[in-house]
Amino acid sequence: MSPLPLPPVAAPYQLPFHYGALHNIGLDYLVDPGPVREVLAEHHPALTAADFAGRALVSLNYQLYFAQYPSGGGITQEIEVNIVAYPTEAAARLPQISYPQYAQGHDQTKLLGIARIHVLCDNPLAIDAGRLLYAEPKYPGSFRAEMPSLNGPSAGTWNIHCHAAELTADGSVQQRDDELFSLAADLNALRPATANNTPITGYGTEPDGRTLAGPMNVYQPYHWYDLTVPAASDRARLTVHDETGALGQDLTRLIGTTAPAGAWTFQSPPVAAHNRPYYLA
Numbered sequence: 158m159s160p161l162p163l164p165p166v167a168a169p170y171q172l173p174f175h176y177g178a179l180h181n182i183g184l185d186y187l188v189d190p191g192p193v194r195e196v197l198a199e200h201h202p203a204l205t206a207a208d209f210a211g212r213a214l215v216s217l218n219y220q221l222y223f224a225q226y227p228s229g230g231g232i233t234q235e236i237e238v239n240i241v242a243y244p245t246e247a248a249a250r251l252p253q254i255s256y257p258q259y260a261q262g263h264d265q266t267k268l269l270g271i272a273r274i275h276v277l278c279d280n281p282l283a284i285d286a287g288r289l290l291y292a293e294p295k296y297p298g299s300f301r302a303e304m305p306s307l308n309g310p311s312a313g314t315w316n317i318h319c320h321a322a323e324l325t326a327d328g329s330v331q332q333r334d335d336e337l338f339s340l341a342a343d344l345n346a347l348r349p350a351t352a353n354n355t356p357i358t359g360y361g362t363e364p365d366g367r368t369l370a371g372p373m374n375v376y377q378p379y380h381w382y383d384l385t386v387p388a389a390s391d392r393a394r395l396t397v398h399d400e401t402g403a404l405g406q407d408l409t410r411l412i413g414t415t416a417p418a419g420a421w422t423f424q425s426p427p428v429a430a431h432n433r434p435y436y437l438a
């Protein structure tokens with residue numbers, strides 16, 4: 158077999174894309190594999206859903222990130238609805254691991270990746286880049302987010318609200334009133350494990366049916382929280398506010414009332430601090 162060509166990099170973008178800062182929370186759900194296999198086949202026919210003791214894994218992934226460009230900077234929020242999957246033709250290469258082992262990075266083949274089903278984003282350039290470069294099913298969304306911060310009371314609480322949005326005539330993203338879904342996680346007093354789980358392989362399927370894989374490196378470890386232990390009971394939840402659209406239907410079909418099995422977080426460390434002033438006299 159001859160070597161495969163690399164996917165083209167559409168202008169005006171260049172790769173890799175470098176993040177200046179990243180704040181990230183994910184919730185993982187071990188669910189009935191039947192609906193997962195059906196949805197995955199609709200979106201990514203070359204992939205197979207990962208099997209963790211008879212359960213499939215659906216992962217929700219919120220990101221707030223900053224990027225610096227020659228002309229200035231930009232802030233982006235997005236959230237992904239993912240199915241953890243692998244290329245069907247590579248099944249013989251997969252390691253046999255449990256969900257906690259996967260979440261903590263034991264799969265060093267990186268064949269177990271995230272097959273994106275929905276990606277909502279509030280930055281029109283990021284929407285365009287995700288579609289063109291990584292074949293992401295990316296479309297407008299808007300967010301209200303509360304998260305731990307050194308510039309506020311110290312807490313381990315995350316609240317993410319995702320609203321419908323649309324691209325306007327001038328190319329911006331405008332929020333609509335209807336809330337689609339929300340995530341809440343209170344991770345206070347829970348002891349996380351350090352997870353060296355990147356690069357994370359993201360799978361996309363182009364309109365012609367060709368599948369591509371795009372790895373993302375995060376240069377420091379994640380924190381992973383086991384939400385199946387008694388102390389973590391009811392610490393995190395997903396609420397679907399609109400079950401009528403494609404997104405709400407998929408969340409209800411795939412996850413329903415299932416409790417999350419794990420949460421994972423990453424927050425970029427500060428690079429500078431402007432300190433409290435003092436009087437000269």
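According to our numbering, the sequence shown holds residues 158 to 438 in order. In this text, a Cβ means the ideal position worked out from N, Cα and C, and glycines have one as well.
According to DSSP, simplified to helix, strand and coil, what is Y170? Three-state result, Y170: coil.
Nearest-angstrom Cα separation, counted from Y436 out to L411: Spanning the two alpha carbons is a distance of roughly 59 Å.
Report yes if the CB atom of L269 is closer than 8 Å to the CB atom of A198, and no otherwise. Going by C-beta atoms, L269 is not nearer than 8 Å to A198.
Name the DSSP bridge partner or partners of I232? F223
Check whether the segment 307–320 and the segment 368–380 are in contact - that is, three or more C-beta pairs closer than 8 Å. Not touching, per the Cβ criterion.
Beta-bridge partners of I412, as assigned by DSSP: Paired residue(s): none; I412 is not in a bridge.
Pairwise C-alpha distance: L290 and Y243: Approximately 20 Å, taken between the alpha carbons.
N- and C-terminal bounds of the alpha helix (DSSP H) containing H263: Here H263 belongs to no alpha helix (DSSP H), and DSSP marks it neither H nor E.
Please identify the residue among F338, N345, A370, G371 whose C-alpha is closest to the C-alpha of H398. Relative to the Cα of H398, the nearest Cα in the group F338, N345, A370, G371 belongs to F338.
Any idea if N280 is buried or exposed, counting beta-carbon neighbours within 10 angstroms, 16 or more meaning buried? buried
Cβ-Cβ distance between A292 and T205 below 8 Å: no
Is the beta carbon of R392 sitting closer than 8 Å to the one on D343? Yes, they are a contact pair.
Can you check which of these residues, H431, V386, P169, T396, is closest to N308 by C-alpha distance? H431
Mind checking which residues open and close the beta strand (DSSP E) that includes H380? 379–383
Are the beta-carbon atoms of T368 and A203 separated by less than 8 Å? yes
Y222, buried or exposed, once every other Cβ within 10 Å from all chains shown has been counted against 16: buried
Three-state secondary structure assigned by DSSP to E199: helix
Runs of beta strand (DSSP E) lying entirely within the segment 344–379, each at least 3 residues, in chain order: 350–352, 357–362, 368–373
Between which two residues does the alpha helix (DSSP H) carrying P281 extend? 281–291
How many angstroms separate the CA atom of H201 from the CA atom of Q225? Linking H201 to Q225 through their CA atoms gives a straight-line distance of about 33 Å.
For N353, is the classification buried or exposed, using 16 other Cβ atoms within 10 angstroms of its Cβ as the cut-off for buried? Its Cβ having fewer than 16 others within 10 Å, N353 is exposed.
Give the DSSP bridge partners of Y256, in chain order. Answer by DSSP bridge pairing: none, since Y256 is not bridged.
Identify the residues that DSSP records as bridge partners of N239: which are they? S216, R273
Could you compute how far the alpha carbon of G371 sits from the alpha carbon of I284? Answer to the nearest angstrom: the Cα atoms are 16 Å apart.
When the Cα of V276 is compared with those of F209, G405, P190, which residue comes out closest? G405
CB contact flag (I271, D407, <8 Å): Taking 8 Å as the Cβ cut-off, I271 and D407 do not qualify as a contacting pair.
Hey, out of F174, Y382, Y170, L179, whose CA is closest to V428's CA? It is L179.
Taking the alpha-carbon of Y256 as reference, which of P417, L395, F174 has the nearest alpha-carbon? P417
Quick one: Cα of E237 to Cα of P387, how far? 28 Å
If you draw a straight line from the C-alpha of T266 to the C-alpha of S159, how long is it? When rounded, the distance between both Cα atoms is 22 Å.
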